[in-house]
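In what follows, a single structure is set out as structure tokens and then discussed.
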Amino acid sequence: MGTSGAKPWWRESAPAHNQLQYLELRDRIAAQIQAGVLGVGDRLPSERQLEDGLGSARGTVREALFQLEAEGLIYRRDRSGWYVCPAPILYDPTRSEGFMAYVTAQGRRPETETLSKRLVPAPDAVAGIFGVAEGTPLYDIRRLRSIDGRSVLVERIHVNPDLAPGLIDHSLDGSLTAVLKNAYGVAAARNRIAMKPCAILGDDAETLRARSGSPGLSVIRTSFDPAGRVVEYDQECWRHDAVIVSVDIRVAPPGH
């Protein structure tokens with residue numbers, strides 16, 4: 223951080239009133255990121271260093287950092303500090319490629335870790351989605367997915383075991399779409415996708431090593447086979463800064 227022998231940017235003199243306001247501090251940190259002084263994956267100075275070096279109150283420092291987090295410029299690793307975010311991945315919900323495929327296609331390195339996989343009685347809400355009675359056995363799979371070594375989303379997937387018996391005996395540390403297609407001949411004919419902002423809480427925050435309550439993006443995908451049966455119900459919780467939803471829509475000329 224900074225040129226050898228030069229004063230670090232966060233120890234540069236404060237303005238005349240001797241205390242940066244949080245937006246001024248936000249602008250100063252953002253300028254270091256934009257100039258490349260702070261690169262992707264770099265750790266920011268600690269909150270105490272920013273307080274002491276820039277003459278700012280702790281509350282001011284935290285407001286600035288939370289603002290930068292909300293903008294997707296930095297993220298917090300719980301008990302580790304603040305880091306500069308990598309570029310987000312582009313996600314097109316209208317395309318059929320799974321996570322492993324579209325991340326790889328963008329020159330990035332995807333990874334999947336299966337956290338748990340089991341057969342469970344369907345809770346009422348999920349049973350209704352599958353059109354089965356409450357308590358009907360469904361596969362429940364929880365996975366952590368990463369891009370270039372950074373954890374970006376936690377997902378919980380329910381799958382109809384009648385369509386994929388023995389599914390949890392397979393390794394699911396990769397593409398579930400490929401396992402369903404290659405081992406069972408099951409492929410989605412239609413996907414219904416809903417997205418909304420969310421807060422990352424509880425087990426999801428701990429798994430992602432994120433601050434509880436930090437902003438996230440909820441992506442819920444329901445996949446149907448050609449007969450209209452629900453194959454899988456996937457609930458994803460993304461770090462909000464890790465993804466950009468991008469859709470390329472062809473528009474017909476007027477009169478068509």
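Counting from 223, one number per residue, gives the positions in the sequence shown under this note's numbering. Think of the CB as a built atom: it goes at the ideal place given N, C-alpha and C, for glycine as much as any other residue. Quick caveat: nothing in here was measured; it's all calculated off a predicted structure.
With distances taken from CA atoms, which of the options is nearest residue i?
i: residue 245; options: 263, 281, 274; result: 281
i: residue 272; options: 287, 406, 349; result: 287
i: residue 450; options: 408, 426, 365; result: 408
i: residue 425; options: 365, 267, 269, 393; result: 365
i: residue 206; options: 336, 322, 248; result: What the structure shows of the chain is the stretch from 223 to 478, and residue 206 is not part of that stretch, so it cannot be assessed.
i: residue 285; options: 256, 251, 322, 469; result: 251
i: residue 432; options: 302, 323, 260; result: 302
i: residue 319; options: 398, 457, 476; result: 398
By DSSP, does residue i sit in helix, in strand, or in coil?
i: residue 275; result: helix
i: residue 458; result: strand
i: residue 238; result: Legend: pLDDT at residue 238 = 46, less than 50; position of this residue unreliable, no value from coordinates given.
i: residue 401; result: helix
i: residue 224; result: Note on residue 224: pLDDT 44, under 50, position unreliable in the model; the coordinate value appears next. The answer is coil: DSSP assigns residue 224 none of H, G, I, E or B.
i: residue 265; result: strand
i: residue 424; result: helix
i: residue 469; result: coil
i: residue 362; result: strand
i: residue 409; result: coil
i: residue 381; result: strand
i: residue 281; result: helix
i: residue 336; result: strand
i: residue 270; result: helix
i: residue 386; result: coil
i: residue 316; result: coil
i: residue 432; result: coil
i: residue 439; result: strand
i: residue 474; result: coil
i: residue 416; result: strand
Looking at residue i: is its Cβ nearer than 8 Å to the Cβ of residue j?
i: residue 306; j: residue 262; result: yes
i: residue 379; j: residue 340; result: no
i: residue 291; j: residue 436; result: yes
i: residue 374; j: residue 460; result: yes
i: residue 344; j: residue 354; result: yes
i: residue 417; j: residue 440; result: yes
i: residue 406; j: residue 386; result: yes
i: residue 402; j: residue 453; result: yes
i: residue 447; j: residue 411; result: yes
i: residue 422; j: residue 396; result: no
i: residue 363; j: residue 455; result: no
i: residue 360; j: residue 376; result: no
i: residue 463; j: residue 310; result: yes
i: residue 336; j: residue 394; result: yes
The alpha helix (DSSP H) that contains residue i, what's its start and end?
i: residue 249; result: 244-256
i: residue 350; result: 346-352
i: residue 259; result: Unbroken run through residue 259: none, as it is neither H nor E.
i: residue 327; result: 321-327
Along the chain, where does the beta strand (DSSP E) that runs through residue i open and close?
i: residue 356; result: That residue, residue 356, is in no beta strand (DSSP E); it is neither H nor E in DSSP.
i: residue 303; result: 303-306
i: residue 298; result: 296-299
(Q) Whether or not the stretch 367-376 and the stretch 328-339 are in contact is what I'm after, with contact meaning three or more pairs of Cβ atoms, one per stretch, closer than 8 Å; do they touch? (A) Counting Cβ pairs under 8 Å, three or more are found: they touch.
Q.
Below 8 Å, how does it come out for the stretch 278-293 and the stretch 309-317: are there three or more Cβ pairs, yes or no?
A. Too few Cβ pairs lie closer than 8 Å, so no.
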